[in-house]
Amino acid sequence: MLVAAGLLVSALPSAAAELPSDQSARALSALERAVEHSEIAHQDSSARAAARSSVDGERKVDSQSTLGRSIRLVDRGTEVDLPGATLQIRFRDDSVQEAAASNGTLTVFGSKSSDYNYAAGSINGRLAGYTIINSANKSSFEYEFLVNGAPAVLEPRSNGGVAVYSVDGTLVNAILPAWAVDATDKNLSTSYSVNGNILRQEVNLQGATFPVVADPQTACDPWFCTVEFNRSETKTIADNGWQATGVISIGCGLLTPGMAVLCGAIGGAVTITASQAHNQGECVGIRTPRFAGQVSFPVIYNGSNCR
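For the sequence shown, position 126 matches number 177 in our numbering, and the numbering has no gaps at all.
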């Protein structure tokens, strides 16, 4: 489930990357399209100076080489180094085979079933695990979360996302609300349920054009946490102002209390950006640094959570 920058593909067999099976190659193509459909589109111009100051140097958000040092492929999944913790996501399916196709950022795993493939990758540096669904024969998929090698504790949130805690109760990350998109870029109804450290995603495949891509995606990379608001929330912020709504508690509540404070400290910029996003038929989001002394900034996006 997890997020637009590099995986350590050097760990992959070179022949697997060069000679993917037809199914894996098709899955990779579908995944690339779906990820493009889901990415944050652009930053509000008024926030670019703050954004630039936050991402220059060693913490550049879109640097594949930088993120490649912290996001790695593991058996049946992927992992990322976060401040004070390592988060790992594994596919809970015995049919998963070795990595079979990769573009350097997204990696598709082979499967004993022709009905689906699993994949690992990232969106804007945030870890993600993907399922590429090729038929209606299977509509639910499970992912296992580990923090520092131990089972994580998953807690559903009211906005459809899921908080990820370590066994000692430390909030490590959060899973953004579920999304799934079919081959025509139509957003499909999907939701999460949790059982201990297992996240289950259910996708409504009725009327879908295959292949379908579904994704549990984390809110935080090693340096930033990104909160994405949907169309209704974007309109609420645009019409009523940032601090005048309960949207901050819904969205930024996925983050640690300290990050939520930073998230709420840029209310005027968020309101302006939300108005621009709403007028363009897009949605607003906020990027908040995990490190003190850096500036949060609003972004506009048009991905699958913008609905």
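A virtual CB, placed ideally from N, CA and C, is assigned to each residue, including glycine.
For the region 182-253, which segments carrying the beta strand (DSSP E) assignment without a break, of at least 3 residues, lie completely within its bounds, in sequence order? 191-198, 204-207, 213-216, 222-226, 230-232 and 241-246
If you count every other CB in all the chains shown that lies within 10 Å of the CB of residue 218, and 16 or more means buried, which is it? The residue you call residue 218 lines up with position 167 of the sequence shown. Residue 218 is exposed by the Cβ-count criterion.
Could you tell me the distance, in whole angstroms, from the CA atom of residue 238 to the CA atom of residue 135? Taking the sequence shown and counting its residues from 1, one reaches residue 238 at position 187. Taking the sequence shown and counting its residues from 1, one reaches residue 135 at position 84. Taking the straight line joining both Cα atoms gives about 35 Å.
Let me know the secondary structure DSSP gives residue 338 once reduced to three states. Working through the sequence shown from its first residue, we reach residue 338 at position 287. It is a strand residue.
Could you tell me the alpha carbon to alpha carbon distance between residue 129 and residue 123, rounded to whole angstroms? For the purposes of this step, residue 129 is taken as residue 78 along the sequence shown, with counting starting at 1. For the purposes of this step, residue 123 is taken as residue 72 along the sequence shown, with counting starting at 1. One C-alpha to the other measures close to 6 Å.
Report back the beta-carbon spacing between residue 147 and residue 79 to the nearest angstrom; my notes put them in contact at under 8 Å. Along the sequence shown, one-based indexing puts residue 147 at 96. Along the sequence shown, one-based indexing puts residue 79 at 28. Not quite, the Cβ-Cβ distance comes to about 16 Å (not below 8 Å), so this is no contact.
Measuring alpha carbon to alpha carbon, tell me which residue in 181, 225, 155 and 320 is nearest residue 349. As a position in the sequence shown, residue 349 is number 298, starting the count at 1. Ranking 181, 225, 155 and 320 by Cα distance to residue 349 puts 320 first.
Simplified DSSP state of residue 259, which is helix, strand or coil: One-based indexing of the sequence shown puts residue 259 at position 208. In the structure shown, residue 259 sits in coil (DSSP, three-state: anything other than H, G, I, E or B).
Collapsed DSSP secondary structure at residue 289 in the structure displayed: On the sequence shown, residue 289 is found 238 positions in, with the first residue counted as 1. Note: residue 289 maps to helix in three-state DSSP.
When the Cα atoms are used, what is the spatial distance from residue 191 to residue 154? Mapped onto the sequence shown, residue 191 falls at position 140. Mapped onto the sequence shown, residue 154 falls at position 103. Rounded to the nearest angstrom, the two C-alpha atoms are 26 Å apart.
Return the first residue and the last residue of the beta strand (DSSP E) that residue 148 is part of. Position 97 of the sequence shown, counted from the start, is the residue given in the question as residue 148. Unbroken beta strand (DSSP E) run through residue 148: 147-153.
Excluding sequence positions up to five away, which residues of its chain have a Cβ less than 8 Å from the Cβ of residue 170? Taking the sequence shown and counting its residues from 1, the one referred to as residue 170 is at position 119. Only 78, 79, 82, 157, 158, 159, 160, 180, 181, 182 and 183 meet the Cβ criterion.
Got a sec? Which residues, its chain only, sit under 6 Å from residue 292 by beta carbon, not counting five neighbours each side? If you number the sequence shown from 1, residue 292 lands on position 241. Correct list, in chain order: 322.
With which residues is residue 132 paired in a DSSP beta bridge? Translated into the one-based positions of the sequence shown, residue 132 becomes position 81. BP columns for residue 132 point to 137.
Distance check for residue 149 and residue 324, CA to CA, integer angstroms please. The residue labelled residue 324 in the question sits at position 273 within the sequence shown. The residue labelled residue 149 in the question sits at position 98 within the sequence shown. Rounded to whole angstroms, residue 324 to residue 149 spans 43 Å at the Cα level.
Tell me whether residue 287 counts as near the ligand ADP, meaning its Cβ is closer than 6 Å to at least one heavy atom of that ligand. As for the ligand ADP, it is missing from this structure, which has no ligand bound.
Inspect the beta-carbon positions of residue 212 and residue 203 and report whether they are closer than 7 Å. Indexing the sequence shown from 1 puts residue 212 at position 161. Indexing the sequence shown from 1 puts residue 203 at position 152. No.
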